[in-house]
Every structure is written in structure tokens, then in C-alpha cells.
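In my numbering, the protein residues as written are 142 to 542. We put the CB at the ideal spot given by N, CA and C, even for glycine.
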């Protein structure tokens, strides 16, 4: 157990006590928190605000949604073992990632078509993330162009998530646009070359892209637009048809990753790694990081929980590249557990979308402030003062229910 922030680090703001004091002082003025702090109540309130189609699109998963439930249950199979009487007066939540020092081991996961949640969509999320120094990962299927989101983010760290299209020239155009717009990395999602069987969306016959939502990066791209019979502003249907036909690159293979190196100087991370052999293959292909993820349970029903896959991937990578974690983060304790199992940082998904639904930019910021406070307090009360000092010794296997 470390008693001082790790060498080369610094004391982070006391996120936990500052946030608590802010809430309690506002209470003296008769003001309660704007958003629910309980994540289940946060989602319930967002459900009341959203259309049924939009809510189910975000909340739903593949098949009977057992993979979604497995993601959450996996955290219950590990328990934090707090240590006592260390000096926890100063904490360091910062981490180094791809040459950057981030204020916390937290990034915002790429979630597409956010205009179905809030009119300002990714613009609001980018501003909220930048205000706290949290990197934001923009989905290919965003409601605003990657250039517009970059402008909203200002100097904030941002990455671009790539759904690799079948058209190679269009793929090159997307990553080059991202590089020019100041995105710091390319995150290639591997697990969505086809859309999984999602009963909630199918029951409502709802796919927002068929209504030209979430296609800003497509409709604005000169390569994508080049062969359309009419500009999409005049007639969107040919563009929608082209999107549908070009979305998934079903013949994409490991060797094709070299294509990205030919068209961008940005670091490349692979999202969707669950098997140790795939992790080793990714490292052999020269990628700069891997993200353990099952797409929040949205793609393969019955798939392994992301947290269950994490230790095997960390062991396979053997420290050669950073391992990030996605799928199932709901509270500070979840972040501590993922870091203790070897993740360098985690991606937060659905909770910030519920904040967006309820409060736009301010709602996203509030969710992030609460998450940082929860992480800070959980870390300190467990006897640790830096996230880099967390390892498997901080955990014990919980008895299975």
C-alpha cells in the first residue's frame, strides 16, 4: 500500500470531499442535487424524459440481454479489501496514457446518434468532458460532424472511434479528417461489423440511421458524397442506402490494420478484445492499445462478461501496450476493481448518456463530477492514494450467490 502519491505524480483535487461539500452547502440553501446520484434512479428518470424508441436504443442489448447483466454481475464477484491507517491526505488519480497525463483513469466511451437523446448531442458531451479534462471518444455515427465536435471540445483531449467501412478510400478519408481536426487517437471497433440481434429495437422496428440520424460524418465526407446521384440535402435516401451497404467490412482481417498506418500517424487502439489470443495478435500487429469490451452487451448474447475477460487480456499483453476497459462501469468501486485487475483506464458509457438526457452539457458534467468524487473516496477509504498503486492485492474473490 502506497502512502504518498507515486513518484512523478501530483496531488489531485480532492474530488470527493469537494463534491460532498458542494452538495451539502447547496442543501443549506434548499437546493438538492439536480440529477439522481443513484445510477438506477438516474436511468429511470432518463427513461421518463426520452421517447421509448430512444431509451430502448441506448438501454437495450443483444438477445435476452444476459451479456448486459453478466457485465454488471462480474463486478459483484470481486470485493475490495480496504487497508487501514495509511496517510491518505493527498491522492493522485492521474494516469499516463499514450503520452498524455490525464487527471483520472476515465474516458467517455463512443456512443452514436446522440441527437435522439438531446439536441446538442455530442457537442454538449464534448464540452462537458473538456471542462473536466476527461477525454471524449467520438463515434463514427455521430449526429454532428467530427469537425464540429472538435470545435466544441476546444483544447479538450478527444479520440475518434472508427467503424471501418467497406470503402477503403472512405476509410482513409475519415481517419485523415480526424487527424486534421486534432483527434489524438483512432479507436477501431472490431465487434460491430454486423449489428447484433437486438429485440428491443427490432420490436419497435427502429434504427435511427435509416432516418438519416447519426450520419453526419458520412453525409459531410467528400468521398462518401462523390458518387451519390443527388446531394443528401436534396434527397437523403440514396445516401442512406449507401450507408447501409457500406457500413460493415465483413472481410476485414488482421493484416488490414496496416492500412491505417499508411493513412494516419495517430495511435491506433482496438476496441472489442476479449480473447487472450486476439490480444497477442493485436500487439503483434503493432497497435498502441487494446480495449477490453463486449460493446456493453449489445452485440453477442451469451458472451463473456468484459470484466471476466480483463485479467486474461492483461496477462497476454504483458505490459507491451496499455489495456483499457469498457462495459459495465456504473460507480467508483467498479473503476477501482477494473484498475486492480490491470486496466490502465476505463470507459464510461450509458450513465453519461442518462445525464445528457436529463441536463444536456450540465447533466453530463454532473454525472462525471459524481463519478470522480465516488472514485476518489473509494480509493482513499480503501487505503490507496494513487490509482497506479492498485493491483490484485486490493481485491478478494467474493462468494458466488
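Outcome for residue i when other beta-carbon atoms lying within 10 angstroms are tallied against a minimum of 16
i	result
residue 228	exposed
residue 162	exposed
residue 182	exposed
residue 146	In this predicted model, residue 146 has a pLDDT of only 45, less than 50, meaning its place in the structure is not dependable enough to derive any value.
residue 174	exposed
residue 158	exposed
residue 189	exposed
residue 376	exposed
residue 167	exposed
residue 289	buried
residue 586	The shown model of the chain, from 142 to 542, leaves out residue 586, and the question about it has no answer.
residue 151	exposed
residue 259	buried
residue 386	exposed
residue 240	exposed
residue 192	exposed
residue 388	buried
residue 286	buried
residue 255	buried
residue 156	buried
residue 310	exposed
residue 440	buried
residue 222	exposed
residue 326	buried
residue 333	buried
residue 184	buried
residue 165	exposed
residue 230	exposed
residue 491	buried
residue 402	exposed
Proximity test, Cβ basis, 8 Å: residue i and chain B
i	result
residue 271	Protein chains in the displayed structure number just one, and chain B is not present.
Assumed close pair residue i, residue j - CB separation to whole angstroms, cut-off 8 Å
i	j	result
residue 282	residue 472	Wrong, their Cβ atoms sit about 28 Å apart, outside the cutoff.
residue 481	residue 539	That belief does not hold up - the Cβ atoms of residue 481 and residue 539 are roughly 13 Å apart, past 8 Å.
residue 349	residue 355	6 Å
residue 462	residue 424	6 Å
residue 187	residue 498	4 Å
residue 519	residue 477	5 Å
residue 291	residue 323	5 Å
residue 509	residue 275	6 Å
residue 420	residue 458	5 Å
residue 415	residue 445	6 Å
residue 448	residue 212	7 Å
residue 208	residue 500	29 Å between Cβ atoms; not a contact.
Reduced DSSP category for residue i - H, G, I as helix; E, B as strand; rest coil
i	result
residue 302	strand
residue 453	helix
residue 329	strand
residue 414	strand
residue 465	strand
residue 294	helix
residue 489	strand
residue 143	Residue placement at residue 143 cannot be trusted, given a pLDDT of 39 that sits under 50; what the coordinates show is reported in the next sentence. Coil.
Residue i Cβ short of 7 Å to the ligand ADP heavy atom set
i	result
residue 218	Questions concerning the ligand ADP fall outside what the structure shown contains, since it holds no ligand whatsoever.
Any beta strand (DSSP E) of 3 or more consecutive residues that is wholly inside the region 496 to 541: Listed in chain order, the complete beta strand (DSSP E) runs (minimum 3 residues) inside the region 496 to 541 are 536 to 538.
The region 208 to 219 touching the region 234 to 248, judged by at least three CB pairs closer than 8 Å: The answer is no - the region 234 to 248 does not touch the region 208 to 219, with fewer than three Cβ pairs under 8 Å.
Length-filtered (3 minimum) beta strand (DSSP E) runs lying within the region 247 to 292: You should have 247 to 249 and 277 to 279.
At least 3 beta-carbon pairs within less than 8 Å: the region 402 to 415 vs the region 425 to 436: At 8 Å Cβ cutoff, the stretches touch.
Contiguous alpha helix (DSSP H) assignments of at least 4 residues, all confined to the region 168 to 247: Restricting attention to alpha helix (DSSP H) runs no shorter than 4 residues, the region 168 to 247 encloses them at 180 to 190, 193 to 200 and 207 to 217, ordered along the chain.
Stretch pair the region 229 to 239 + the region 256 to 270: three plus CB contacts closer than 8 Å: Touching, no, given that fewer than three Cβ pairs across the two stretches are closer than 8 Å.
Contained alpha helix (DSSP H) runs [length at least 4] in the region 416 to 449, N- to C-terminal order: The region 416 to 449 is shown to contain whole alpha helix (DSSP H) runs of 4 or more residues at 417 to 425, in chain order.
Length-filtered (3 minimum) beta strand (DSSP E) runs lying within the region 370 to 403: Runs of the beta strand (DSSP E) inside the region 370 to 403: none found.
Three or more C-beta pairs below 8 Å linking the region 291 to 302 and the region 517 to 531: Output reads no: the region 517 to 531 does not touch the region 291 to 302.
Contact between the region 310 to 321 and the region 336 to 345 (3+ Cβ pairs under 8 Å): With a cut-off of 8 Å on Cβ pairs, the region 310 to 321 is not in contact with the region 336 to 345, counting fewer than three such pairs.
At least 3 beta-carbon pairs within less than 8 Å: the region 396 to 405 vs the region 360 to 377: No, they do not touch.
Cβ contact check for the region 198 to 206 and the region 508 to 528: 3 or more pairs under 8 Å: The region 198 to 206, when compared against the region 508 to 528, does not touch it at the 8 Å Cβ threshold.
Three CB pairs or more closer than 8 Å across the region 451 to 458 and the region 434 to 441: Taking 8 Å as the limit for Cβ pairs, the verdict is that the region 434 to 441 does not touch the region 451 to 458.
Residue ranges of each alpha helix (DSSP H) within the region 336 to 370, 4 or longer: Runs of the alpha helix (DSSP H) inside the region 336 to 370: 340 to 344, 357 to 360 and 363 to 367.
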